[in-house]
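See below for the structure under consideration.
There are 4 protein chains.
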Amino acid sequence: MKDIQNTFDNRGIGIDKVGIKNIRYPITVLDRKNDIQHTIASINMYVDLPKQFKGTHMSRFIEILNEHRGNINIKDFPKILENMQKRFNANSAHLEIEFPYFIEKKSPVTHSRSLMEYNCKFIGIKNGAGADFILVVSVPVLTLCPCSKEISRYGAHNQRSFVTVHLRFKGLVWIEEVVDIVEASSSAELFSLLKRPDEKYITEHAYNNPMFVEDVVREVAKKLKRNKKIVSFSVEAENLESIHNHNVYAYVEYDRGIK
Amino acid sequence: MKDIQNTFDNRGIGIDKVGIKNIRYPITVLDRKNDIQHTIASINMYVDLPKQFKGTHMSRFIEILNEHRGNINIKDFPKILENMQKRFNANSAHLEIEFPYFIEKKSPVTHSRSLMEYNCKFIGIKNGAGADFILVVSVPVLTLCPCSKEISRYGAHNQRSFVTVHLRFKGLVWIEEVVDIVEASSSAELFSLLKRPDEKYITEHAYNNPMFVEDVVREVAKKLKRNKKIVSFSVEAENLESIHNHNVYAYVEYDRGIK
Amino acid sequence: MKDIQNTFDNRGIGIDKVGIKNIRYPITVLDRKNDIQHTIASINMYVDLPKQFKGTHMSRFIEILNEHRGNINIKDFPKILENMQKRFNANSAHLEIEFPYFIEKKSPVTHSRSLMEYNCKFIGIKNGAGADFILVVSVPVLTLCPCSKEISRYGAHNQRSFVTVHLRFKGLVWIEEVVDIVEASSSAELFSLLKRPDEKYITEHAYNNPMFVEDVVREVAKKLKRNKKIVSFSVEAENLESIHNHNVYAYVEYDRGIK
Amino acid sequence: MKDIQNTFDNRGIGIDKVGIKNIRYPITVLDRKNDIQHTIASINMYVDLPKQFKGTHMSRFIEILNEHRGNINIKDFPKILENMQKRFNANSAHLEIEFPYFIEKKSPVTHSRSLMEYNCKFIGIKNGAGADFILVVSVPVLTLCPCSKEISRYGAHNQRSFVTVHLRFKGLVWIEEVVDIVEASSSAELFSLLKRPDEKYITEHAYNNPMFVEDVVREVAKKLKRNKKIVSFSVEAENLESIHNHNVYAYVEYDRGIK
């Protein structure tokens with residue numbers, strides 16, 4: 104059976120990334136409290152393709168995925184990326200894994216337990232011998248508008264906001280650490296389960312901590328800068344404004360400049 | 104060239120709906136103030152297929168669309184549906200047209216003008232000689248939680264909410280009429296452009312008009328019931344809760360029982 | 104602390120459905136081969152609200168979810184729905200759970216193993232003493248156009264299609280049974296991992312089994328009708344047409360007329 | 104009324120981008136054939152915020168939008184961006200406008216006319232005196248798998264694919280030019296309306312022009328390189344594989360290295 108992918112391509116154009124996109128797959132990830140957590144990921148896998156080859160053998164991506172099934176986590180990323188380089192005889196390898204991650208939280212007053220969902224992503228890139236890893240964590244929070252509070256006799260508009268952090272680091276940074284930093288940098292953190300005394304607490308706490316989208320990204324940035332494990336980061340915040348049908352947005356990035 | 108769609112099917116199963124889905128198309132719709140409005144629609148078109156025929160001639164849906172291009176509005180729906188019945192020799196015809204609709208609004212204090220977007224849908228069904236038409240309007244509003252206000256010393260959580268109304272009526276009901284009813288049944292209406300005096304007004308107005316998702320659907324229902332042109336309706340409201348990462352929802356329906 | 108939800112409402116409008124929407128939650132579901140399967144669900148929970156009450160206690164939905172965590176499957180649905188009725192003192196209860204479900208499949212020639220994802224939904228409704236349960240399974244398949252094959256000297260356009268089945272039944276119907284029926288009613292079934300001999304097989308098999316969207320819904324309907332456990336069903340198929348940028352669609356429903 | 108946005112911020116963190124996101128707005132764009140075209144855009148607008156200021160005056164973005172309403176097109180981008188810089192006293196300004204664009208096409212044999220939709224985006228950035236403009240055009244096409252054709256006795260799997268081009272250029276490049284290049288670099292171009300002789304033509308044409316996702320990006324790249332107006336570009340292609348439930352993807356970028 105002819106291997107048409109392996110034939111010579113004479114257009115002289117190398118391909119930067121080629122592979123599979125948006126395959127859904129059950130995985131387990133490391134969980135600071137419970138050791139591991141089962142979740143469902145959306146996965147992208149790419150390699151580069153030198154200019155002389157017509158095509159990539161796409162089925163190999165799935166074979167690699169199957170081999171590492173059950174062990175797709177931060178620690179195994181370098182191994183999976185090397186496996187990709189070797190199997191495809193490729194210079195570079197990209198692996199992106201996006202998944203919902205759940206943390207059990209206790210409400211602030213009644214200590215009622217419930218699960219909160221955080222959307223996370225691992226991005227790993229290997230380029231020759233060089234490796235890069237980015238952790239992405241998205242945290243929903245409440246923001247209460249400082250301007251609205253200041254100018255109004257009572258009340259203040261507030262809304263659900265999404266704060267997304269991209270991180271490069273040395274050593275290990277837990278998803279839970281990033282969640283803690285972001286939730287402490289908002290008008291109030293969210294919970295799935297709030298009884299009335301909790302709701303009273305959150306409402307008053309938010310009113311006492313008004314924050315613009317600009318304040319949120321600055322507070323998160325300030326705290327991330329203090330963490331010496333973190334090499335570079337970006338923070339973005341997006342408010343689903345309750346007084347508008349459009350969103351407001353802020354973005355800040357930082358690089359410690361070390362390697 | 105063989106017409107395989109026209110061949111006999113011996114499975115004895117008639118098809119309730121067959122056609123095209125999610126085709127995007129520029130249309131003009133009636134605008135109470137400006138006569139017409141240009142917008143972009145997502146369109147579904149279906150007919151029934153008797154059990155003896157193998158397939159439908161899908162290209163005819165596009166031909167019908169092309170013929171009515173520029174005149175796809177409430178008034179022309181019966182004509183388009185009849186055209187579908189005739190062209191396909193079908194008993195029933197369905198036409199669904201979803202589009203963003205824009206209304207220029209003035210902010211409450213500074214009277215600054217800006218456009219607000221409302222998602223709308225026309226659903227037309229013709230079954231033999233019988234015809235049915237449903238107008239769907241979705242209106243984003245602000246809701247402020249009565250419980251949060253009541254139990255807290257200051258502040259109250261509030262959020263963007265989406266209220267969606269389905270209507271059957273006699274005569275003509277303007278999209279603008281439905282928008283007015285829903286906006287008057289919320290804690291506050293939304294605007295694209297608010298200057299500081301407007302924001303103060305909206306914030307205080309919302310604090311003075313706390314509404315659960317249950318209140319919103321009841322208020323809208325109460326007002327729709329009073330309008331004798333309206334034969335039947337449903338109202339649903341969904342709050343993007345600012346204290347949770349999930350939504351709350353209420354739904355109510357009503358039928359005047361006349362034909 | 105005042106319970107404002109519990110206060111009297113004088114508008115005289117009962118609410119058909121009120122509750123929480125789109126909460127994401129890790130669950131385990133029954134798996135024909137492996138006993139259980141971990142997955143992530145999107146959940147809606149509603150009850151009715153009599154006209155005399157102002158509001159619903161939304162936090163109770165989460166409490167119920169937490170109590171049944173780890174046992175949210177077809178068998179436990181009646182228990183969860185009764186729990187909802189009791190806890191809210193409600194006449195009706197709705198529970199909708201949507202989740203990706205994975206089945207390990209072997210490719211047709213090389214028998215390479217890989218996981219396929221199927222989107223599923225359980226819908227349970229309890230109305231007084233009456234109960235209703237609907238299983239929804241969505242299966243991606245390949246369809247090859249009979250008209251394109253017939254009129255062309257070589258080749259035929261084909262595409263990814265989504266077939267969605269809604270089922271009411273007596274006894275137990277496995278997700279796997281529905282998947283088998285739909286995959287046997289398409290031009291070819293899909294796999295995550297295909298080696299070249301498998302790809303040759305699928306390509307030729309699809310060319311030998313051309314099917315319109317109309318054929319797919321009829322074939323599925325024919326097979327479901329033969330299964331006496333199935334009381335009523337609907338089947339819809341949607342082709343992501345490779346020759347168009349819009350989709351084609353067919354829908355058929357059937358009710359055996361028994362209770 | 105206090106202008107809290109204008110107060111001093113002592114955290115010492117400048118913000119890279121702050122503004123509004125996902126506001127929908129009716130606009131007109133230049134059309135090579137019909138002069139102008141009405142469409143509906145999703146718009147993002149950002150400026151930078153120096154470290155000494157607490158917040159941005161978000162309403163000014165909407166005021167700028169309103170001033171340029173009806174004239175939001177490639178030619179006016181520099182003016183709008185300068186307006187943003189001036190009004191916010193900002194160093195940098197970003198404007199992103201995404202919209203569906205329609206082109207009337209004639210089918211290849213029967214010359215039936217119909218509209219095809221292409222998703223487009225204008226991205227404009229002004230940084231001090233330096234300006235940057237990127238045109239993004241996404242084109243749906245058909246791709247037929249060369250491997251499947253080669254190894255199978257008859258047939259070949261094919262599918263809808265999306266090819267997205269990002270372009271920087273000197274002078275003017277029409278959306279229509281980019282569409283032409285991409286459609287000529289696929290197994291076959293798509294149409295909304297195809298009669299049977301057209302469908303036969305497309306089917307056979309695609310079978311005679313098998314292309315991997317790798318071939319598509321290389322062909323587009325080859326043609327864009329020849330166009331000296333184009334300074335730099337990226338091309339990505341994503342196939343909705345008909346034999347899998349996941350997609351395959353290729354990406355290539357190029358920079359002529361001139362300013």
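Chains as they are written, first to last, in our numbering: chain A, 104 to 362; chain B, 104 to 362; chain C, 104 to 362; chain D, 104 to 362.
Glycine residues also receive a C-beta, built at the ideal position from the N, C-alpha and C atoms.
Kindly indicate the opening and closing residues of the beta strand (DSSP E) around residue i.
| i | result |
| --- | --- |
| A/Thr267 | 261 to 272 |
| D/Lys209 | 195 to 209 |
| B/Val132 | 118 to 134 |
| D/Leu140 | The sequence given here places Gln at residue 140 of chain D; Leu does not occur at that position. Unbroken beta strand (DSSP E) run through D/Gln140: 138 to 152. |
| B/Met219 | 216 to 230 |
| C/Asp358 | 350 to 358 |
| C/Ser337 | 333 to 342 |
Ordered along the chain, which non-local residues of its own chain (more than five positions away) have a Cβ less than 8 Å from that of residue i?
| i | result |
| --- | --- |
| A/Phe180 | Leu198, Phe225, Gly227, Phe236 |
| A/Tyr352 | Val316, Glu339, Ala340, Glu341, Asn342 |
| D/Gln108 | Phe156, Lys157, Gly158, Thr159, His160 |
| A/His308 | Pro211, Ser290, Ala291 |
Which residue from the options puts its Cα closest to that of residue i?
| i | options | result |
| --- | --- | --- |
| C/Ile177 | C/Leu152, C/Thr142, C/Val285, C/Val132 | C/Val132 |
| C/Tyr257 | D/Ile175, D/Leu247, D/Arg263 | D/Leu247 |
| A/Ala144 | A/Lys120, A/Val150, A/Arg172, A/Asp138 | A/Arg172 |
| A/Asp112 | D/Arg359, D/Tyr354, D/Arg321 | D/Arg321 |
| A/Val121 | A/Gly360, A/Leu275, A/Gln188, A/Lys136 | A/Gln188 |
| A/Lys154 | D/Glu286, D/Lys325, D/His308, D/Tyr149 | D/Lys325 |
| A/Asn194 | A/Lys229, A/Pro211, A/Lys182 | A/Lys229 |
| A/Ile146 | A/Asp134, A/Arg135, A/Pro129 | A/Pro129 |
| C/Val266 | C/Asn350, C/Gly115, C/Asp106, C/Gly360 | C/Asn350 |
| D/Tyr149 | D/Asp106, D/Glu286, D/Trp277, D/Arg190 | D/Arg190 |
| D/Leu275 | D/Met104, D/Asp134, D/Ile361, D/Glu286 | D/Asp134 |
| B/Glu166 | D/Lys136, D/Phe164, D/Asn186, D/Lys209 | D/Lys209 |
| A/Lys136 | A/Glu280, A/Glu286, A/Asn348, A/Tyr310 | A/Glu280 |
Near residue i, what residues of its chain come up, given a Cβ to Cβ distance below 6 Å and the 5 sequence neighbours on each side ignored?
| i | result |
| --- | --- |
| A/Glu220 | Pro203, Phe205 |
| C/Lys252 | Ala259, Pro313 |
| D/Gly115 | Lys154 |
Taking Cβ to Cβ, would you say residue i is nearer than 8 Å to residue j?
| i | j | result |
| --- | --- | --- |
| A/Asn312 | A/Ser335 | no |
| B/Ser288 | B/Val319 | yes |
| C/Leu168 | C/Gly117 | no |
| C/Asn305 | D/Ile254 | According to the sequence as given, residue 305 of chain C is Ile; it is not Asn. Not a contact, by the Cβ cut-off of 8 Å. |
| D/Glu292 | D/Val323 | no |
| B/Val355 | C/Asp119 | yes |
| C/Ser295 | C/Ser217 | yes |
| B/His214 | D/His141 | no |
| B/Ile200 | B/Ile175 | yes |
| C/Leu184 | C/Ala234 | yes |
| D/Ile278 | D/Cys223 | yes |
Note the first and the last residue of the continuous alpha helix (DSSP H) segment covering residue i.
| i | result |
| --- | --- |
| B/Asp318 | 316 to 329 |
| A/Tyr304 | 299 to 311 |
| D/Arg190 | 180 to 191 |
| D/Ser162 | 162 to 171 |
| A/Ser251 | 249 to 254 |
| B/Val285 | 278 to 286 |
Within the same chain, show all residues whose beta-carbon is closer than 7 Å to that of residue i, passing over the 5 residues directly before and after it, in chain order.
| i | result |
| --- | --- |
| C/Val282 | Ile206, Tyr221, Val240, Val242 |
| B/Asp358 | Ser335 |
| A/Val212 | Pro300, Asp301, Tyr304 |
| A/Lys273 | Lys332, Val334 |
| D/Pro249 | Pro313, Met314, Phe315 |
| D/Phe164 | Gly122, Ile123, Met148 |
Task: Meets three-Cβ-pair contact criterion under 8 Å: the segment 323 to 334 of chain C and the segment 291 to 307 of chain C - done: no
When the Cβ atoms of the segment 259 to 272 of chain A are set against those of the segment 119 to 127 of chain C, are three or more pairs found closer than 8 Å?
no
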